[in-house]
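Working notes, structure below.
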Amino acid sequence: MILVTGAAGFIGSHACVELLNAGYEIVTVDNLSNSKREAINRVKQITKRDFLFYPIDLLDKEALEKVFIENKIKAVIHFAGLKAVGESTEKPLMYYYNNIVGTIILCELMTKYKIKRIVFSSSATVYGMPDQVPISENSPLRAMNPYGRTKLMIEEILRDLYLSDKSWSISILRYFNPVGAHPSGTIGEDPNGIPSNLMPFITQVAIGKLNQLKVFGNDYETIDGTGIRDYIHVVDLAKGHLKALEVVMNTFGVKVFNLGTGSGYSVLQIIETFEKVTKKSVPYQIVERRQGDVAAIYADTNKAKDELGWVATKGLEEMCIDSWRWQVNNPKGYI
Ligand code: NAD
Ligand code: UD1
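Residues in the sequence shown are numbered consecutively from 1, following this note's numbering.
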């Protein structure tokens, strides 16, 4: 049995589908602070499998302990956390408390019940401004906002945990920019309010919910002046977790992997590809740079390829098509 925290979220729900399809038994937890219970129902629909869902907060140690008592957990995939960069600068204490204390409570219970295998969702945001691209796992770490610092601090906590007890097995996954949706069009990204990330903003402009996209700067030193990122299909990303799970089940230690495609695309290239494959237009206006943005970042994917045996297989067109199908099928998200 695998415990999945944050299972109702964007990446967690896709990982649950892949785990169930691969034959794993899962038990799931989410406080639904940034997601809907309907996502769990849809995972069951897609996979035709049943599993337990506990609508609880990681900060509620007693409730979480019940999950450990009632289920034979072998490993944990830990997605639960708050992730909005802007909000984290306004409410840093909420971010530090939720993300860090939530993880500490989880690890305390894992220690108590001797389940010392965890796959953790980190982020490429821990690299901050990269000195060079593609960026490898041993590049300097310098998170630039409270959200990023929670990821960095949790990485350090997990490293210290292993140093204190070598029977832990920890896999830290640094995601690049997850986009796309399950090809069924029934689960996907359902941001609260106006999206801050590029792809959900584009799909909401294309469907007419938002008027136009603001492109944050066209004066970067990149092919067309707009920012370059490593967009990765969420189904590829979800599959990376299965590989990481195999590693934590079979080895000890702390291993860190970038999960990206290794290719960078500019904002204008994303718009162009999206318009081409969906035949929808995405009106946009160039505006000032967004504070804290880097010009270009994409992953060195060699370590994930060599040590996890994982590579992303889905290209940009598929990412756009699947994001769009989800948006069209669920114009109001999960209701
Ligand atoms: P998400 O917000 O869709 O999913 C996170 C889930 O965790 C949500 O369903 C939320 O309700 C739940 N949650 C938050 N705090 C909780 C708590 N204290 N107890 C129980 N549940 C709690 O986000 P996502 O995009 O699926 O991201 C999953 C993980 O990956 C997060 O840790 C995020 O920081 C990380 N990550 C995401 C991205 C991205 O671009 N989406 C990039 C890098 C890393
Ligand atoms: C942002 C976060 C990062 C987080 C990541 C994934 C910031 C500063 N960084 O990164 O910490 O890990 O999301 O959740 O918020 N863009 C526009 N117009 C928009 C939105 C985005 O032009 O309306 C551009 C951005 O300038 C960037 C690219 O599109 O060049 C991608 O932006 P976004 O999806 O927000 O991801 P990141 O900037 O990589």
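All C-beta atoms, glycine included, are put in the ideal place defined by N, C-alpha and C.
Residues of its chain near residue i, where Cβ-Cβ distance is below 6 angstroms and the 5 sequence neighbours each way are ignored
i, result
"residue 255", "171"
"residue 312", "232, 236, 261"
"residue 130", "297"
"residue 218", "225, 226, 286"
"residue 195", "201"
"residue 57", "31"
"residue 333", "190"
"residue 338", "Nothing about residue 338 can be read from this structure; the chain reaches only from 1 to 335."
Distance CB(residue i)-CB(residue j) smaller than 8 angstroms
i, j, result
"residue 226", "residue 198", "no"
"residue 75", "residue 40", "no"
"residue 15", "residue 29", "no"
"residue 42", "residue 187", "yes"
"residue 244", "residue 119", "yes"
"residue 117", "residue 249", "yes"
"residue 156", "residue 303", "no"
"residue 47", "residue 78", "no"
"residue 96", "residue 146", "yes"
"residue 185", "residue 310", "no"
"residue 242", "residue 64", "no"
"residue 183", "residue 322", "yes"
"residue 284", "residue 215", "yes"
"residue 234", "residue 181", "yes"
"residue 162", "residue 141", "no"
"residue 338", "residue 113", "Beyond the ends of the chain as shown, which are 1 and 335, falls residue 338; an answer cannot be given."
"residue 105", "residue 59", "yes"
Residue i, buried or exposed, once every other Cβ within 10 Å from all chains shown has been counted against 16
i, result
"residue 251", "exposed"
"residue 205", "buried"
"residue 101", "exposed"
"residue 37", "exposed"
"residue 8", "buried"
"residue 22", "exposed"
"residue 164", "exposed"
"residue 55", "exposed"
"residue 315", "exposed"
"residue 72", "exposed"
"residue 169", "buried"
"residue 319", "buried"
"residue 151", "buried"
"residue 192", "exposed"
"residue 99", "buried"
"residue 190", "buried"
"residue 337", "The question about residue 337 has no answer here: the residues shown for the chain are numbered 1 through 335."
"residue 173", "buried"
"residue 13", "buried"
"residue 378", "The question about residue 378 has no answer here: the residues shown for the chain are numbered 1 through 335."
"residue 83", "buried"
"residue 308", "buried"
"residue 109", "buried"
"residue 335", "exposed"
Opposing strand residues paired with residue i [DSSP bridges]
i, result
"residue 255", "171"
"residue 214", "285"
"residue 183", "Partner(s): none; residue 183 has no beta bridge."
"residue 3", "27, 76"
"residue 299", "135"
"residue 177", "231"
"residue 266", "228"
Cutoff 7 angstroms; reference residue i; Cβ partners in own chain excluding five residues on either side
i, result
"residue 317", "273, 277"
"residue 223", "266"
"residue 177", "229, 230, 231, 232"
"residue 89", "145, 146"
"residue 282", "202, 205, 206, 213, 271, 274, 275"
"residue 167", "116, 252"
Contact set for residue i: own chain, Cβ-Cβ below 8 angstroms, skip 5 residues either direction
i, result
"residue 324", "203, 206, 274, 277, 278, 280"
"residue 175", "11, 121, 122, 123, 124, 232, 237, 259, 260"
"residue 331", "207, 209"
"residue 44", "50, 51"
"residue 288", "216, 217"
"residue 26", "1, 2, 3, 4, 7, 16, 19, 20, 51"
"residue 290", "216, 217"
"residue 292", "85, 144, 145"
Contact test: residue i Cβ vs ligand 3 heavy atom, cutoff 7 angstroms
i, result
"residue 244", "For the structure depicted, ligand 3 is absent and the ligand set comprises only ligand 1 and ligand 2."
Within-8 angstroms CB hit, residue i to chain C
i, result
"residue 189", "Protein chains in the displayed structure number just one, and chain C is not present."
3 or more residues per run - each beta strand (DSSP E) lying fully within the stretch 86-169: 117-123
Uninterrupted alpha helix (DSSP H) stretches inside the stretch 14-77 (no shorter than 4 residues): 37-47, 61-70
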